[in-house]
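Each remark here refers to the structure printed beneath this line.
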Amino acid sequence: MVQMHKANDLLTIGDQRFQNRLFTGTGKYANKLEMKESLAKSGCEMVTVAIRRAQSINSSDQGLIESIDWAKFWMLPNTAGCTTAEEAIRVARLGRELAKVAGQIDNTFIKLEVIPDKSHLLPDPFGTLQAAEKLVTEGFTVLPYINADPLLAKRLEEVGCATVMPLGSPIGSGQGLKNAANIALIIENSKVPVVVDAGIGVPSEAAQAMEMGADAVLVNSAIALAGNSPQMAEAMNKAVQAGRQAFLAGRLPARNEAVPSSPEKGVINS
Numbered sequence: 237m238v239q240m241h242k243a244n245d246l247l248t249i250g251d252q253r254f255q256n257r258l259f260t261g262t263g264k265y266a267n268k269l270e271m272k273e274s275l276a277k278s279g280c281e282m283v284t285v286a287i288r289r290a291q292s293i294n295s296s297d298q299g300l301i302e303s304i305d306w307a308k309f310w311m312l313p314n315t316a317g318c319t320t321a322e323e324a325i326r327v328a329r330l331g332r333e334l335a336k337v338a339g340q341i342d343n344t345f346i347k348l349e350v351i352p353d354k355s356h357l358l359p360d361p362f363g364t365l366q367a368a369e370k371l372v373t374e375g376f377t378v379l380p381y382i383n384a385d386p387l388l389a390k391r392l393e394e395v396g397c398a399t400v401m402p403l404g405s406p407i408g409s410g411q412g413l414k415n416a417a418n419i420a421l422i423i424e425n426s427k428v429p430v431v432v433d434a435g436i437g438v439p440s441e442a443a444q445a446m447e448m449g450a451d452a453v454l455v456n457s458a459i460a461l462a463g464n465s466p467q468m469a470e471a472m473n474k475a476v477q478a479g480r481q482a483f484l485a486g487r488l489p490a491r492n493e494a495v496p497s498s499p500e501k502g503v504i505n506s
């Protein structure tokens, strides 16, 4: 079983605890070696895998599960490619079996994606809620990928989802936190961890999400499609750590006017 219990500031999702708050994926890498090096450099403890890709007969996808040491990473199967709630439920059940094949017998985690929109890859709020309700009753630890909709996030929390995962901007766009105002509302009102997923392009955007109070970020494309994937993975890791530390430290309040940084009392008069 994966051991992720370290000293302090642990993130609890379902029955698992994580210290590293950067989650990564397995898609879009040039090759499996680059993927493995990037996972190591990222310091991540949870890795998402598209269930349909893992079961693909495509030669580039074969051996994906076997190429990762699942004693070191917690698997987060995802329902990428599903367009309806019914389809996502069926694929989620396959994901639970996939985790067992990887040796994680008790892994009930599922990243829920219901995306009928092939042009912009925006998640279906109605299908996501419908699938989430069913999967929760079946004992899944559900991490739903959603638009940055505070009302939907609260509803998913109420039906028993373990996290909510609002998008910063469309998948793979690298546009950053275009939905920052709504993400801030979700963070403010959520009683479950908030994971910013999709749209992060550079480490500064990952740090920004963490500084806002997000509990974690999931980054795939920005790492896999970088000129040097392992180097970008390491940079994302450092950015997430810095953003989390800054959030815990408490930032200087923003002001509309300048305030002297040097003391005004006790100065030497010329």
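Heads up: take any position in the sequence shown, counting from 1, add 236, and you land on this note's numbering.
From the three backbone atoms N, C-alpha and C, an ideal C-beta is built for every residue, glycine too.
Checklist entry - DSSP on G410, reduced to helix/strand/coil? => result coil
Checklist entry - Where do the N-terminal and C-terminal ends of the beta strand (DSSP E) with N314 fall, by residue? => result W310 to N314
Checklist entry - Quick one: Cα of P466 to Cα of Y265, how far? => result 11 Å
Next on the checklist: On the CB-based measure, 16 or more other CB atoms within 10 Å of its CB, does H241 come out buried or exposed?
Outcome noted: Confidence at H241 is low in this model, with a pLDDT of 45, below 50, so the placement of that residue should be treated as unreliable; the coordinate-derived value is given next. So H241 ends up on the exposed side.
Item to check | Cβ pair G363, T320 closer than 8 Å | outcome: yes
Next on the checklist: Could you compute how far the alpha carbon of E281 sits from the alpha carbon of A494?
Outcome noted: 42 Å
Item to check | the segment 408-422 contacting the segment 463-482, beta-carbon criterion three pairs below 8 Å | outcome: no
Checklist entry - Taking one C-beta from the segment 376-389 and one from the segment 423-433 each time, how about it: are there three or more such pairs within less than 8 Å? => result yes
Item to check | Own chain, CB closer than 7 Å to L246, minus 5 neighbours either side, in chain order | outcome: R253, F254 and Q255
Item to check | Minimum C-alpha distance to E333 - residue among V350, G263 and L312 | outcome: L312
Checklist entry - Where does T377 sit, in a helix, a strand or coil, going by DSSP? => result strand
Checklist entry - What span of residues does the alpha helix (DSSP H) with G331 cover, start to end? => result Unbroken alpha helix (DSSP H) run through G331: A321 to V337.
Checklist entry - Where DSSP assigns a beta bridge to P402, which residues make up the other side? => result I382
Checklist entry - In whole angstroms, what is the alpha-carbon distance linking M472 and V438? => result 7 Å
Next on the checklist: Taking 6 Å as the limit between beta carbons, can you name the residues of its chain near M237, skipping five residues before and five after?
Outcome noted: Bear in mind that the predicted position of M237 carries a pLDDT of just 41, short of 50, making it unreliable; the figure below should be weighed with that in mind. Exclusion of the five residues before and after M237 leaves no residue of its chain whose Cβ lies closer than 6 Å to its Cβ.
Item to check | Residue nearest to A482 in terms of C-alpha spacing, selected from S457, M446 and G396 | outcome: It is M446.
Item to check | Helix, strand or coil at R288 according to DSSP, with G and I counted as helix | outcome: helix
Item to check | Other residues of its chain near Q239: CB distance less than 7 Å, five sequence neighbours each side excluded | outcome: The predicted position of Q239 is uncertain, since its pLDDT is 45 and thus under 50; a value taken from the coordinates is nonetheless stated next. Here the set comprises nothing.
Item to check | Span separating the alpha-carbon of E369 from that of W306 | outcome: 28 Å
Item to check | Reference G279, options P489, V453, G486 and R487, closest by Cα | outcome: V453
Checklist entry - Considering only residues of the same chain and omitting the five flanking positions on each side of A469, which have a CB-CB separation below 6 Å? => result S274, K277, S278 and I459
Checklist entry - With C-beta atoms as the reference, is A367 less than 8 Å away from L379? => result no
Checklist entry - How about V395 and V430: are their beta carbons less than 8 Å apart? => result no
Item to check | Backbone secondary structure at I459 - three-state DSSP | outcome: Correct three-state label for I459: helix.
Item to check | Inter-residue spacing [alpha-carbon to alpha-carbon] between L358 and P406 | outcome: Taking the straight line joining both Cα atoms gives about 7 Å.
Next on the checklist: Using C-beta distances below 6 Å, list every residue in its chain close to G479, excluding the 5 sequence neighbours before and after it, in chain order.
Outcome noted: A443, M446 and E447
Next on the checklist: Less than 8 Å between CB atoms is the rule here; does P359 satisfy it with respect to chain E?
Outcome noted: This model lacks chain E altogether, as it is built from one protein chain only.
Item to check | Neighbour-count burial assignment, L300, 16 or more Cβ in a 10 Å radius | outcome: buried
Checklist entry - Would T315 pass as a contact of I287 if the rule is Cβ separation under 8 Å? => result yes
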